[in-house]
Amino acid sequence: EKGTYAHYMLKEMDEQPAVIRNIIQHYQNDAGDIELTEGVRSLVSEADRIYIVACGTSYNAGLVGKDILERIAGIPTEVHVSSEFGYNMPLLSSRPLFVFLSQSGETADSRAVLVEVKKRGYKALTMTNVPGSTLSREANETMLLHAGPEIAVASTKAYTAQIAVLAILAYDIARANGKELPFELMPELARVATIMDSIMSQKELFEDLSDRYLKTTPNTFFIGRGLDASVCLEGALKVKEISYIQAEGYPGGELKHGSIALIEDGTPVIALISQPKTNLNIRGNVKEVVARGANACIISMQGVEHENDEFILPHVEPILAPLITVLPVQLMAYYAALARGCDVDKPRNLAKSVTVE
Ligand code: M6R
Numbered sequence: 030e031k032g033t034y035a036h037y038m039l040k041e042m043d044e045q046p047a048v049i050r051n052i053i054q055h056y057q058n059d060a061g062d063i064e065l066t067e068g069v070r071s072l073v074s075e076a077d078r079i080y081i082v083a084c085g086t087s088y089n090a091g092l093v094g095k096d097i098l099e100r101i102a103g104i105p106t107e108v109h110v111s112s113e114f115g116y117n118m119p120l121l122s123s124r125p126l127f128v129f130l131s132q133s134g135e136t137a138d139s140r141a142v143l144v145e146v147k148k149r150g151y152k153a154l155t156m157t158n159v160p161g162s163t164l165s166r167e168a169n170e171t172m173l174l175h176a177g178p179e180i181a182v183a184s185t186k187a188y189t190a191q192i193a194v195l196a197i198l199a200y201d202i203a204r205a206n207g208k209e210l211p212f213e214l215m216p217e218l219a220r221v222a223t224i225m226d227s228i229m230s231q232k233e234l235f236e237d238l239s240d241r242y243l244k245t246t247p248n249t250f251f252i253g254r255g256l257d258a259s260v261c262l263e264g265a266l267k268v269k270e271i272s273y274i275q276a277e278g279y280p281g282g283e284l285k286h287g288s289i290a291l292i293e294d295g296t297p298v299i300a301l302i303s304q305p306k307t308n309l310n311i312r313g314n315v316k317e318v319v320a321r322g323a324n325a326c327i328i329s330m331q332g333v334e335h336e337n338d339e340f341i342l343p344h345v346e347p348i349l350a351p352l353i354t355v356l357p358v359q360l361m362a363y364y365a366a367l368a369r370g371c372d373v374d375k376p377r378n379l380a381k382s383v384t385v386e
């Protein structure tokens, strides 16, 4: 039930800190260590490469997961769109592990791939929010997202839950392989939850940004680099699906290779800047679009040097930054849809779970 909330999407965005805490609870033992089932542990210990297969927002979460798995666990990871993977399977490694990311666990495009990889004798792990769902039942193992029912068509809390669960998996693999861990994950996730609370208690700031940048525009860009670029894809998807604004999520450095031609006087460009490594580069890209008339909105994070930033998010470990940077873009998409009179929870042409291929 959405209770006093105007929309399920708003309620589900608000639930994200609680979801992260719930995930911490479910995946740690009394000593505070990450605890996965023996089944999941043995699946990942046999793998030499991970193939993440997913659609939409789950695919976008997979892009973040790839970086976390490669950087923390050192395991090569690829991310594929289900509807492409089924028909154009890449060359596989000798011991592949397929990880299906799906909020609903019912997405037909993903299921088609699962059927095919099982036929070939490969193992699969499903990360889903729905116990007993098709993708969960048909895979060898399941890791649950513990996010509670997600009703709004626009996925929000499943995205952050997937990233948190992928990080837990990465840490477990890293520990099993004796790799040095850069920071302690569970306490950092707990901090992430606290920071999420503080962002969600300042919603009016993002409503204001949405009014200034998105309310009346026909189009917009989200730009970032590295992990920020992955969150930009998610930001653009959120804006497209609920507010019907034409939105592009783009790696900042790639703009000048074509898409910058679309920048006109007043085109809103929302830049996400959380990664110290690429701070100067992306700020250079912002200057490029501003020079062509763009109306730039910078959302950054403490830990990177700022200039004229609209909003500076509290610092978290850069590899977990997507858990934080996605909140402002979810909120801006929500308020844009509201201001434009769109049906937030049930956008046109879309269904919550896509059960046809
Ligand atoms: O249930 P799934 O995670 O498999 O769904 C995948 C996509 O259909 C879903 O994420 C879709 O893109 C959402 N409407 C995005 O908000």
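Numbering (the numbering used here), first residue to last: 30 to 386.
Cβ atoms here follow ideal geometry from the backbone N, Cα and C, with glycine treated the same way.
Provide the residue(s) that pair with F212 in DSSP beta bridges, ordered along the chain. Within the sequence shown, the letter at position 183 stands for residue 212. Note: F212 sits in no beta bridge, so no partner.
Cβ-based neighbour list, E145, same chain, cut-off 7 Å, excluding 5 preceding and 5 following: What you label residue 145 is simply residue 116 of the sequence shown in a count that begins at 1. Counting only Cβ-Cβ distances below 7 Å, and skipping sequence neighbours, we find G115.
Straight-line gap, R166 to F127 (C-alpha atoms, nearest Å): As a position in the sequence shown, residue 166 is number 137, starting the count at 1. As a position in the sequence shown, residue 127 is number 98, starting the count at 1. Answer to the nearest angstrom: the Cα atoms are 15 Å apart.
Anyone know if the C-beta pair for V333 and E217 falls short of 8 Å? Position 304 of the sequence shown, counting from 1, holds the residue named residue 333. Position 188 of the sequence shown, counting from 1, holds the residue named residue 217. Cβ atoms of V333 and E217: not closer than 8 Å.
Closer than 7 Å: G85 CB and nearest ligand 1 heavy atom: Sequence index remark: in the sequence shown, residue 85 carries index 56 (1-based). Because some heavy atom of ligand 1 lies under 7 Å away, the Cβ of G85 counts as near it: yes.
In chain order, what are the residue ranges of uninterrupted beta strand (DSSP E) at least 3 long that sit wholly in the stretch 139-165? 152-157
When burial is assigned at 16 or more other CB atoms within 10 Å of the CB, is A323 buried or exposed? As a first step, residue 323 is located in the sequence shown; it is residue number 294 there, counting from the start. Under this definition A323 is a buried residue.
Looking at the strands, I want to know which residues DSSP matches up with Y80. Here residue 80 refers to the residue found at position 51 when the sequence shown is read from its first residue. E107, F127, per the DSSP bridge assignment.
As assigned by DSSP and simplified to three states, the class of P343: Sequence index remark: in the sequence shown, residue 343 carries index 314 (1-based). Of the three classes helix, strand and coil, the one that applies to P343 here is coil, per DSSP.
Three-state secondary structure (DSSP) of T399: No answer is possible for residue 399: the residues shown for the chain start at 30 and end at 386.
May I have the straight-line CA-CA distance separating L198 from A222, to the nearest angstrom? Within the sequence shown, numbered from 1, the residue matching residue 198 stands at position 169. Within the sequence shown, numbered from 1, the residue matching residue 222 stands at position 193. C-alpha separation (whole angstroms): 18 Å.
Could you tell me whether any Cβ in chain B is nearer than 8 Å to the Cβ of A102? The chain labelled as chain B is not found in the depicted structure, where only one protein chain is given.
So, helix, strand or coil for M118, using DSSP? As a first step, residue 118 must be located in the sequence shown, where it is residue number 89. Looking at M118 - three-state DSSP - the assignment turns out to be coil, as it is neither helix nor strand.
Per DSSP, the bridge partner or partners of E277: Taking the sequence shown and counting its residues from 1, the one referred to as residue 277 is at position 248. E277 pairs with F250.
Please tell me whether C326 and I353 are closer than 8 Å, where the distance is taken between their beta carbons. Here residue 326 refers to the residue found at position 297 of the sequence shown. Here residue 353 refers to the residue found at position 324 of the sequence shown. Cβ distance not < 8 Å, so C326 and I353 don't count as in contact.
Is K31 near V182, with beta carbons less than 8 Å apart? Reading the sequence shown from its first residue, position 2 is the one you call residue 31. Reading the sequence shown from its first residue, position 153 is the one you call residue 182. No, the Cβ-Cβ distance between K31 and V182 is not below 8 Å.
Rounded straight-line distance, which links the Cα of M172 to that of E293: By 1-based counting over the sequence shown, the position of residue 293 is 264. By 1-based counting over the sequence shown, the position of residue 172 is 143. Those two C-alpha atoms are separated by around 45 Å.
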